[in-house]
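Numbering (the UniProt record's numbering), first residue to last: 1 to 337.
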């Protein structure tokens, strides 16, 4: 019955369905780290044999693999390697080679970070805690970020690393993907000390307030060169977190349903001197851009001119729930045997 149900769904394994399948399978693998191979066998038996277009699956997987590695959402490098090896057995393609290159670059990045720290010591360069991931643009599938002017201290760090990197890799050009960069800063203006986990965009904005206590939105834009739409999204999040205050906005409005369109570029932003948090380490770097998965789906939809019917989401959810159940049942059957 399981195979009959999957065969019936074969024509419906569209882009979004494929994304859901591979992400959920990785979650199942991470839930039982001692039984990885059993789950990979389940993937082989149940999923890969029913993929109609393996090229599309691999293109999507490569995109989301990069996303997981950069954001450190991966549960295990071994899991990623196992899935890629299994894909290679089923279907060898350029996408597989790119995935392998991305993983290799990820491993090498740890060595690069360690070597740079030694370089800083030899140069007597006082560096903030810094780590880096360097990926080959040919295999790495995440797009370039929006423009940004870094604060002087961060700019010096980036320039120092670029100089170090060019000593070993002449002729290569480094492009910083700010959208996927992040850091941690400590508050000095609050009674209690807090550590804020922020994106590089957020950090750049917050550090401006070391120079002045009040900033017009338009002046923040001029200083950082962040495009207006993205800047308003970020400021909206920082206002909702109560780290910032806007004198022109009703605080009740901020707490209830503030939208970036409510913020005018002539409004004044200031730090909230009364900022408090239940946690000493607060995460502020929540996504402000559209979901990458959804954007990828739309892009491939356009490329392939795939027509998706109105009730496709419902069909996907029903079929996916069934397949997820089959995966679990198949695992326990193998495990017991």
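Glycine included, every Cβ here is placed at the ideal spot set by N, Cα and C.
Inter-residue spacing [alpha-carbon to alpha-carbon] between residue i and residue j
| i | j | result |
| --- | --- | --- |
| residue 169 | residue 69 | 23 Å |
| residue 202 | residue 177 | 14 Å |
| residue 313 | residue 56 | In this prediction, residue 313 has a pLDDT of 40, which is less than 50 and means its spatial position is unreliable; nothing more can be read from the coordinates. |
| residue 204 | residue 90 | 46 Å |
| residue 105 | residue 62 | 13 Å |
| residue 100 | residue 88 | 10 Å |
| residue 288 | residue 190 | For residue 288, the pLDDT reaches just 48, beneath the cut-off of 50, and the residue's location in the model is therefore unreliable, leaving the point undetermined. |
| residue 64 | residue 93 | 17 Å |
| residue 122 | residue 164 | 12 Å |
| residue 343 | residue 118 | Missing from the structure shown is residue 343; the chain here goes from 1 to 337 and no further. |
| residue 248 | residue 262 | 10 Å |
| residue 215 | residue 79 | 47 Å |
| residue 72 | residue 66 | 10 Å |
| residue 60 | residue 237 | 29 Å |
| residue 197 | residue 110 | 21 Å |
| residue 343 | residue 235 | No information on residue 343 is available, as it lies outside the stretch 1 to 337 that the chain covers here. |
| residue 157 | residue 95 | 34 Å |
| residue 114 | residue 132 | 10 Å |
| residue 166 | residue 256 | 49 Å |
| residue 187 | residue 226 | 23 Å |
N- and C-terminal bounds of the beta strand (DSSP E) containing residue i
| i | result |
| --- | --- |
| residue 244 | 244-246 |
| residue 271 | 268-271 |
| residue 282 | 281-283 |
Residue nearest to residue i in terms of C-alpha spacing, selected from the options
| i | options | result |
| --- | --- | --- |
| residue 150 | 99, 138 and 182 | 182 |
| residue 193 | 206, 280 and 81 | 280 |
| residue 58 | 212, 171, 84 and 249 | 84 |
| residue 219 | 106, 122, 264 and 109 | 264 |
| residue 267 | 276, 250 and 274 | 250 |
| residue 213 | 246, 200, 236 and 185 | 246 |
| residue 270 | 225, 207, 147 and 224 | 207 |
| residue 239 | 217, 226 and 222 | 217 |
| residue 228 | 260, 215, 248 and 114 | 260 |
| residue 147 | 109, 222 and 284 | 222 |
| residue 120 | 96, 159, 95 and 109 | 159 |
| residue 143 | 131, 179 and 156 | 179 |
| residue 155 | 139, 130, 171 and 138 | 130 |
| residue 338 | 166, 255, 172 and 167 | Since the displayed the chain opens at 1 and closes at 337, residue 338 lies outside it and no answer follows. |
Cβ-Cβ distance between residue i and residue j below 9 Å
| i | j | result |
| --- | --- | --- |
| residue 244 | residue 272 | yes |
| residue 134 | residue 174 | yes |
| residue 161 | residue 116 | yes |
| residue 141 | residue 98 | yes |
| residue 231 | residue 224 | yes |
| residue 253 | residue 275 | no |
| residue 77 | residue 103 | yes |
| residue 153 | residue 185 | no |
| residue 278 | residue 195 | no |
| residue 199 | residue 284 | yes |
First through last residue of the alpha helix (DSSP H) which encompasses residue i
| i | result |
| --- | --- |
| residue 204 | 200-207 |
| residue 218 | 217-224 |
| residue 229 | 228-240 |
| residue 256 | 251-257 |
Residue i beta carbon near the ligand MN (any heavy atom closer than 8 Å)
| i | result |
| --- | --- |
| residue 153 | Absence of the ligand MN from the depicted structure is noted, as is the absence of any ligand whatsoever, leaving it without description. |
*Where are the alpha helix (DSSP H) runs, 4 residues long or more, that stay fully inside the region 52-126, in chain order?*
Taking only runs of at least 4 residues, the alpha helix (DSSP H) segments lying wholly in the region 52-126 are 54-70, 77-90 and 94-122.
*Note down, one range per segment and in chain order, each alpha helix (DSSP H) of at least 4 residues found wholly within the region 153-208.*
DSSP runs (the alpha helix (DSSP H)) wholly in the region 153-208: 200-207.
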